[in-house]
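Trainee: Line by line, the protein sequences give chains A and B. Take the first sequence: its letter number 286 is residue 286 in the working numbering, and every next letter is one higher. Count along the second sequence from 1, add 1000, and you get the number used in the working numbering. The C-beta atom is built at its ideal place from N, Cα and C for all residues, glycine as well. Bear in mind that the values here come from a model prediction, so they are computed numbers and not experimental data.
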Amino acid sequence: MDISSFINFFLIPGIILGSIYALGAIGVTLVYAIMRHGHFAHGDLATFGAFMVLLFSASSGLSPYAALPIAAVAAGLMAIAIDWLFYTHLRTLPKIITTISSLGVALMLRAVVQIFWGVNTLSYETGIARPENWFGLRIKPHEVVTVVMVIGLVVALEIFLRHSKWGKAMRAMSDNPDLASLCGIDNRKVIALTWMLVGALCAASGFFLGLNTQVKSLMGWNILLPTFAAAILGGVGRIEGAILGGLIVGICEEMSVLVIRSEYKVLSGFVILLLALLIRPTGLFRGKVL
Amino acid sequence: MTALLTMSSISGGYGDADILHDLSMEVGAREIVAIIGPNGAGKSTAMKSIFGLLTIRSGTIVVDGTDITGWAPSRIVRSGICYVPQVANVFYDMTVHENFEMGAFLRNGDYSDALERVYEMFPDMKAKQKALAGSLSGGQRQMVAIGRALMLDPKVLLLDEPTAGLSPKYMEQIFQTCRDIRNTGVALVLVEQHAKQALRFADRGYVLAAGRNRCDGTGVDLLNNRFIAEMFLGA
Ligand SMILES: Nc1ncnc2c1ncn2[C@@H]1O[C@H](COP(=O)(O)OP(=O)(O)OP(=O)(O)O)[C@@H](O)[C@H]1O
Ligand SMILES: [Mg+2]
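(1) Residue range of the beta strand (DSSP E) that residue 1151 of chain B falls in?
(2) Since residue 1028 of chain B is in the beta strand (DSSP E), which residue starts that stretch and which ends it?
(3) Since residue 186 of chain A meets chain B, which of its residues come closer than 8 Å, beta carbon to beta carbon?
(4) What residues in the segment 159–172 of chain A have a beta carbon less than 8 Å from any beta carbon of chain B?
(5) Per the DSSP calculation, residue 1006 of chain B is bridged to which residue(s)?
(6) Pull every residue with its beta-carbon under 7 Å away from any heavy atom of ligand 2, and keep them in chain order.
(7) Would you say residue 1077 of chain B lies against chain D (beta-carbon separation less than 8 Å)?
(8) State the Cα-Cα distance for the pair residue 1235 of chain B and residue 1139 of chain B, rounded to the nearest angstrom.
(9) Counting along the chain, where does the beta strand (DSSP E) carrying residue 1317 of chain B start and finish?
(10) Contact criterion: CB-CB distance below 8 Å. Does residue 294 of chain A meet it with respect to chain B?
(11) Taking a cut of 8 Å between CB atoms, which residues from the segment 1089–1122 of chain B lie near chain A?
(12) Nearest-angstrom Cα distance between residue 229 of chain A and residue 245 of chain A?
(13) What does residue 202 of chain A touch in chain B if you count any residue whose Cβ is under 9 Å from its own?
(14) Can you name the start and end residues of the alpha helix (DSSP H) that residue 1098 of chain B belongs to?
(15) CB residue 1034 of chain B to CB residue 1208 of chain B, shorter than 8 Å?
(16) How is residue 1068 of chain B classed by DSSP in three states: helix, strand or coil?
(17) Sorted by chain position, which residues of the same chain lie with C-beta nearer than 6 Å to residue 119 of chain A's C-beta, five sequence neighbours on each side aside?
(18) Looking at C-alpha atoms only, which residue of B/1173, B/1216, B/1194, B/1187 is the closest neighbour of residue 1080 of chain B?
(19) Within the chosen definition, does the segment 1055–1065 of chain B reach the segment 1131–1138 of chain B through at least 3 CB pairs nearer than 8 Å?
(20) Return the bridge partner residues of residue 1187 of chain B from the DSSP annotation.
(21) Our contact map puts residue 1010 of chain B next to residue 1020 of chain B with C-beta atoms below 8 Å; I'd like the distance itself, whole angstroms only.
(22) The beta strand (DSSP E) with residue 1082 of chain B in it runs from where to where?
(23) Looking at the unbroken alpha helix (DSSP H) that takes in residue 32 of chain A, where does it start and where does it end?
(24) Can you give me the C-alpha to C-alpha distance between residue 1169 of chain B and residue 1163 of chain B, rounded to a whole angstrom?
(25) By Cβ distance, which residues of its chain are closer than 7 Å to residue 1242 of chain B, with the 5 residues on each side in sequence left out?
(26) Quick check on the DSSP output: the alpha helix (DSSP H) that includes residue 195 of chain A runs from which residue to which?
(27) Along the chain, where does the alpha helix (DSSP H) containing residue 242 of chain A start, and where does it finish?
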């Protein structure tokens, strides 16, 4: 295999998939950093976001790209509502209880999507998506958009967390919630803000997944395992780790078809998760909180 | 004396069992009050009860005329009282400067004057402002913690064992800082393990034992009290 087919058939698809996992893993990491529990509804929240894009673009005639911000807000509000309905009263109990209940929320979200849209495979209307040939590299326009927008989102999030007042409040609460409240930071507001961001990131990852593959009710559930693998591999609580973890898992998954049948390529996420937990459970970047 | 901070007959604890029993104390304007007592006496618990970090079953806490009993901590800070806990009192993964910024979270608009005052009080921290608080020594962390609490210009400052584990030199420095803070018009409540030094330096003191008031009085009186000396000062 020559270098250009390696890049075209493995590296580029791996980076696309990896960017999508990275967005998901950042969300998982944010949930853990602020609320300290695992979030199994993450994939189905992404599905919800992907279908919201479909809904808003179909009902308004907007392009899916233009519908994404609206869908992101909708998914964020959904996440806040879920938190308020299902997680707030569990806040003082052991975190494993919230983690498990998020699994129930995942099933509910998926059922809601299936009630409205059924179980068929749909896709976004973005016109033709013929690969451009750039010096022998075959890249589709929406792949460029995906990578550029993922980079943009990550940079924006990083700037928000480092430099804005409420971003710093999130880091403060992640570091020491009691001390944060002693500074006058209302923990409930930080939690709502976190769910807004997490919902928006989920919608983005769901949209990009739908853009590069298809839109269907199981799409988010299917990326849950590699997303968690990416978050844990990178070190939970580390945004840069989530990105690196996402890319590694995505590229490994695409390359795994060299050795296993493509139906089984999701296995690679599972293997990476196992290896990370066995060899370096704190992740590549030592896990911490924000 | 009109009290700035009044705790009246507080009973409460972390769960079902009460840790504090009928505890009362008072702090006047510009006063330094020391709280001493053996380990486990409930000194930290008393501080936390003022700040709404545990369940108060009965009694009231009044700050400057406002009854704050049962308020959330994030609301209590708005009443003009700030608190430096005994442990985990800085944001480890944030820089010194960011710690101070978090102290000023409730301030809208420009707070560079408050920042300047804090850096003036702790000149060493100026050079360390980009360092993560978690990378500092114990004494330096206390400075960050106290500086953080001063960012809101409190009327009352609660310090839980600010000198714990510090060398005599640092301890003297912290005490001097406390005097400076008082001279800016702030009342201080100081929980202290170094009972003798604390009583020598405080205006008044309270002795706690098993979650109750044991006795109180001026620092000098308590120092000269035979019983206290034998029980708590290791004389
Ligand atoms: N978070 C907590 N949950 C339950 N019980 C606690 C908690 N913190 C303290 N206690 C109990 O409350 C009692 C008083 O503890 P507290 O920390 O107030 O003592 P202290 O006087 O500050 O002691 P020290 O001098 O060691 O700091 C102790 O019996 C302790 O076991
Ligand atoms: Mg204590």
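Mentor: The relevant details are as follows:
(1) Unbroken run through residue 1151 of chain B: none, as it is neither H nor E.
(2) 1020–1028 is the span of the beta strand (DSSP E), which, as asked, contains residue 1028 of chain B.
(3) The answer, in chain order, is 1072, 1074.
(4) Within the segment 159–172 of chain A, the residues whose Cβ lies closer than 8 Å to some Cβ of chain B are 165, 168, 169, 171, 172, listed in chain order.
(5) According to DSSP, which records beta bridges pairwise, residue 1006 of chain B is partnered with B/1026, B/1062.
(6) Cβ atoms closer than 7 Å to ligand 2 belong to B/1043, B/1044, B/1086, B/1160, B/1161, B/1191.
(7) Looking at the structure shown, chain D is missing, and the protein chains on hand are A and B.
(8) Only weak support is given to the placement of residue 1235 of chain B: the predicted model assigns it a pLDDT of 46, under 50, and the question is left unresolved by the model.
(9) Since the displayed chain B opens at 1001 and closes at 1235, residue 1317 of chain B lies outside it and no answer follows.
(10) Here chain A comprises residues numbered 1 to 290, so residue 294 of chain A is not present and cannot be evaluated.
(11) Residues passing the 8 Å Cβ filter: 1089, 1090, 1091, 1092, 1093, 1094, 1098, 1101, 1102, 1103, 1105, 1106.
(12) Approximately 7 Å between the Cα atoms of the pair.
(13) By Cβ distance, chain B contributes nothing, its closest Cβ being about 25 Å from residue 202 of chain A, past 9 Å.
(14) For residue 1098 of chain B, the enclosing alpha helix (DSSP H) has its first and last residue at 1096–1103.
(15) Contact: no.
(16) Three-state DSSP puts residue 1068 of chain B in coil, outside helix and strand.
(17) Excluding positions up to five away in sequence, the list reads 217.
(18) Closest option to residue 1080 of chain B, judged by alpha-carbon separation, among B/1173, B/1216, B/1194, B/1187: B/1187.
(19) Pairwise C-beta distances place the segment 1055–1065 of chain B out of contact with the segment 1131–1138 of chain B, as fewer than three of them are shorter than 8 Å.
(20) DSSP lists B/1156 as partners of residue 1187 of chain B.
(21) Correct: roughly 5 Å between the Cβ atoms.
(22) Counting along the chain, the beta strand (DSSP E) containing residue 1082 of chain B begins and ends at 1081–1084.
(23) 12–35 is the extent of the alpha helix (DSSP H) around residue 32 of chain A.
(24) One C-alpha to the other measures close to 10 Å.
(25) With chain B covering only 1001 through 1235, there is no way to say anything about residue 1242 of chain B.
(26) Unbroken alpha helix (DSSP H) run through residue 195 of chain A: 187–212.
(27) It spans 239–255 - the alpha helix (DSSP H) in which residue 242 of chain A sits, taken as one unbroken run.
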